[in-house]
Structure formats: structure tokens, C-alpha cells
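Protein chains in written order, with the working numbering: chain A, 1 to 200; chain B, 1001 to 1200. Below is one structure, written out as C-alpha cells; the observations come after it.
2 protein chains.
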Amino acid sequence: MDAKTQKSELTRAAIVGAALDLASAQGLESISLQAVADRIGLSKSGVFSRVGSREALQKAVIEEYGRRFLADVFVPAMQKPKGLPRLDEIMQRWIVRMRDVEVHTGCLYTAGAFELDDREGELRDLLHSEVMRWRAALRRTVAQAVEVGHLKPDTDPEQLVSEVSSLAIGLLHDARFLRDPRAAERAVSTWQRLAKSYSA
Amino acid sequence: MDAKTQKSELTRAAIVGAALDLASAQGLESISLQAVADRIGLSKSGVFSRVGSREALQKAVIEEYGRRFLADVFVPAMQKPKGLPRLDEIMQRWIVRMRDVEVHTGCLYTAGAFELDDREGELRDLLHSEVMRWRAALRRTVAQAVEVGHLKPDTDPEQLVSEVSSLAIGLLHDARFLRDPRAAERAVSTWQRLAKSYSA
């Protein structure tokens, strides 16, 4: 990569990062080329030349969020042994991420879901497929934990995935809206109880 | 109440109902006196004379939602015996309500929470206090179930309330955003497992 391409890549990353901050604070619909340009001191046409339309930028934001989420929650857990240790690592990391929502500028998956739930279109479809991809990864992790004998053989991975997802969404609600300082502690208890009740 | 006062009450109820529909579809911030006036064929000044400012109307919407929610989920359950039967009735009704979100035009508590979580002001405070009121009612119901010996004596009502709240919020997410037709069925399983694990 030459210096010019590298600089252009960095500028694009800065644009997407600024748009992600904006979306996390005020929703995906708050993204506009002008608002992002203002945030990083570029012209609107400068932003357009690098990311294209507003909708293309919104999509880039969802994809970037997905990358960061997986890099934070899923990828490091792959270093743990298959089965419950890996699932437990994912849950610990997910809970910390939801607790530290301010640091991570909110959870775009959840905020986006409640923003777009009653709309139609490509943006909703993209967010939906990202969330489903994450749930599929979780389901595989649960299925592995059953295969290696850590979880009961009659465990329904779909059911357990929906339970841990609810736990994470509920934690986000309690930490961010209720501002309950004990929300993460309770989420850990919930996960421990869940893991115990599904353990073989 | 004379005929004129009665008509005026009905008009006010129609205004608040239309604003609630609007808020459920597009968020509390989408409420404007003009948009509500257009929906029910009144003038903007006619709306203002009955409900006052936009902010007063937003507050009236949150209060109206709270009344409907309690009337649907909590009030009928009071006819069940204290303890687990009452808690179970609440949970069954809550799950049905979250499943039938279209009929109930969404859940303003949850959508509002994710809309207002990072803002400050009277509207957020009101929504917060309504949600806390509902959680307090749930906590009392759980505490009664412990007192009458249906739930284990070491049950932490705060913990169980956060678990069933997460269940309801997660169900809303799965039913309304993922559009998963099995979401309610899984929520029922989750509740049954929860109730069993906390039962004395």
C-alpha cells in the first residue's frame, strides 16, 4: 500500500468511526454526510468521495460495528478450549462490553434493532443479517459445548442462545437506561445460574 | 360530568391515543402537536388548548401507556391467589403482550428506554419512574411468593425481577426486530425453567 492509499484508508476509517459515534449517540437515522464532515473537519464532498451516499455510510457503520463487536467478544474467546470455557469467555466479555456501554459508545445492534424494528429496507436487512450471523456463531459454540459433553445432551442451542441474548439486551437496558450500578453483577449471576442449569 | 365536559374528555383521550400511536411507531421524539392534529382532523391550536405543550403531550403519552400496560398485565393478575399463581399470570400476560406488539403498537417502555437512554430531562425521568414503579410492583409480587412459601426463601427478588424483565425485553427484540415466530414459545420455556429453578 503506497502512502497515498494508506492516507485515504485512514481518512475513510475516520469517517466511518465518526459516523459510528454519531449513530451510537443518536441512532442510525442521525447519520448525515454533513454531520460527519463537520465532526472531522472535512467538506461534505470530501466525505462523499470516500464513502459514497449516506446509505452506503450507514451500511459501512453497521459492518464496522460488527467487526468491533466480534473482535471484542468472540475472537479472543477462540483461544479458550472448545465447549463451556469458550462460551463462558464469550459471556464474560459480552457482559463487560454491555456494562461499559459508554466506553463502547452504546450497542448498535440493540439500539439499531429498536430503531429499525418497524421499518423496511436494506439497512434493516443488513443489521438483521449481522445479528443473525452473531447468533449463528453463538449457536455453534453452544452446540460444541454439547458435543464435548459440557452441556446436557438435550440442550436446545436455539433456546440457550435466546436466553443469553435476552440477558445481554436486558443488561444494556438496566445499565444504560435505568443506570443501575448493580446491573452487570446481576447479569453475571444470571449467566452462572444458566450455565449451571444447562451443565451436564 | 355534563355533555360538554364529557366531549372534551373524549377529545383529549383521542389526542393522547393518536400521540401514543405515533410514539409507538416512530418514537417519543416524533410527537408534534401538528402531526397529532393531522391524525385526528383537529387544528394545531385545538390540540394545544386541550393538552398544552408538546412536552405535556409526551408526558401524557407515557402515563397513558403505563395505565394500559398495568391494566393489561398487572390488574387482572390481582384476581389470582398471592404467590406463584399471581406471578405466573403476570408473566403469561406480559409474554402475550410482547408477542402481540403490533396489536399493542409496540412497547413504549422499552422503545422509549432505548430512545432516551443517553438523554437527560423530564421525559426521561418520567419514563424511568414509570418503569421503576412497574419493577417495584413485580418485586412485591415476587416477595409475596417467597412469603407464602412458593419460592425459595433465599430468592433475591431484585435478581428475579431483572431476569424476567430481560426475558420480556429480549422477547420484544426477537419478535419485533428478528420477526422470529417462535420467540414467544421460547420465552414461555424460559419462564417455566426460571419458575422451576426458583420454586421452593
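Virtual Cβ for every residue (Gly too), placed ideally from N, Cα, C.
Check this for me: beta carbons of residue i and residue j, under 9 Å apart or not?
i: residue 150 of chain A; j: residue 83 of chain A; result: yes
i: residue 106 of chain A; j: residue 1166 of chain B; result: no
i: residue 1024 of chain B; j: residue 1050 of chain B; result: no
i: residue 1046 of chain B; j: residue 1112 of chain B; result: no
i: residue 1161 of chain B; j: residue 1193 of chain B; result: no
i: residue 37 of chain A; j: residue 110 of chain A; result: no
i: residue 201 of chain A; j: residue 74 of chain A; result: Because residue 201 of chain A is not part of the residues shown, which for chain A are 1 to 200, the question remains open.
i: residue 57 of chain A; j: residue 31 of chain A; result: yes
i: residue 72 of chain A; j: residue 93 of chain A; result: yes
i: residue 87 of chain A; j: residue 200 of chain A; result: no
i: residue 1197 of chain B; j: residue 129 of chain A; result: no
i: residue 190 of chain A; j: residue 1159 of chain B; result: yes
i: residue 89 of chain A; j: residue 1114 of chain B; result: no
i: residue 1108 of chain B; j: residue 1164 of chain B; result: no
i: residue 42 of chain A; j: residue 1132 of chain B; result: no
Closer than 9 Å, CB to CB, is residue i near chain B or not?
i: residue 171 of chain A; result: yes
i: residue 141 of chain A; result: no
i: residue 128 of chain A; result: yes
i: residue 78 of chain A; result: no
i: residue 177 of chain A; result: yes
i: residue 54 of chain A; result: no
i: residue 187 of chain A; result: yes
i: residue 155 of chain A; result: no
i: residue 39 of chain A; result: no
i: residue 27 of chain A; result: yes
i: residue 193 of chain A; result: yes
i: residue 183 of chain A; result: yes
i: residue 159 of chain A; result: yes
i: residue 190 of chain A; result: yes
i: residue 137 of chain A; result: no
i: residue 13 of chain A; result: no
i: residue 167 of chain A; result: yes
i: residue 174 of chain A; result: yes
i: residue 117 of chain A; result: yes
Can you find a CB in chain A that lies within less than 9 Å of the CB of residue i?
i: residue 1098 of chain B; result: no
i: residue 1019 of chain B; result: no
i: residue 1132 of chain B; result: yes
i: residue 1114 of chain B; result: yes
i: residue 1199 of chain B; result: no
i: residue 1106 of chain B; result: yes
i: residue 1162 of chain B; result: yes
i: residue 1145 of chain B; result: no
i: residue 1111 of chain B; result: yes
Run the CB neighbour count on residue i, radius 10 Å, all protein chains shown included, and call it buried at 16 or more, exposed below.
i: residue 98 of chain A; result: buried
i: residue 55 of chain A; result: exposed
i: residue 1059 of chain B; result: buried
i: residue 176 of chain A; result: buried
i: residue 1091 of chain B; result: buried
i: residue 1212 of chain B; result: Look at the range of chain B in this structure, 1001 to 1200, and you will see that residue 1212 of chain B is not part of it.
i: residue 122 of chain A; result: exposed
i: residue 1135 of chain B; result: buried
i: residue 147 of chain A; result: exposed
i: residue 1120 of chain B; result: exposed
i: residue 3 of chain A; result: exposed
i: residue 1013 of chain B; result: exposed
i: residue 1100 of chain B; result: exposed
Going by DSSP in three states, residue i sits in which element: helix, strand or coil?
i: residue 1162 of chain B; result: helix
i: residue 43 of chain A; result: coil
i: residue 178 of chain A; result: coil
i: residue 1129 of chain B; result: helix
i: residue 1032 of chain B; result: coil
i: residue 1199 of chain B; result: strand
Report yes or no: do the region 1047-1065 of chain B and the region 1011-1020 of chain B share at least 3 C-beta pairs separated by less than 8 Å? Cβ pair count under 8 Å is three or more, so yes.
Answer yes if the region 172-186 of chain A comes into contact with the region 145-164 of chain A, meaning at least three C-beta pairs across the two stretches below 8 Å, and no otherwise. no
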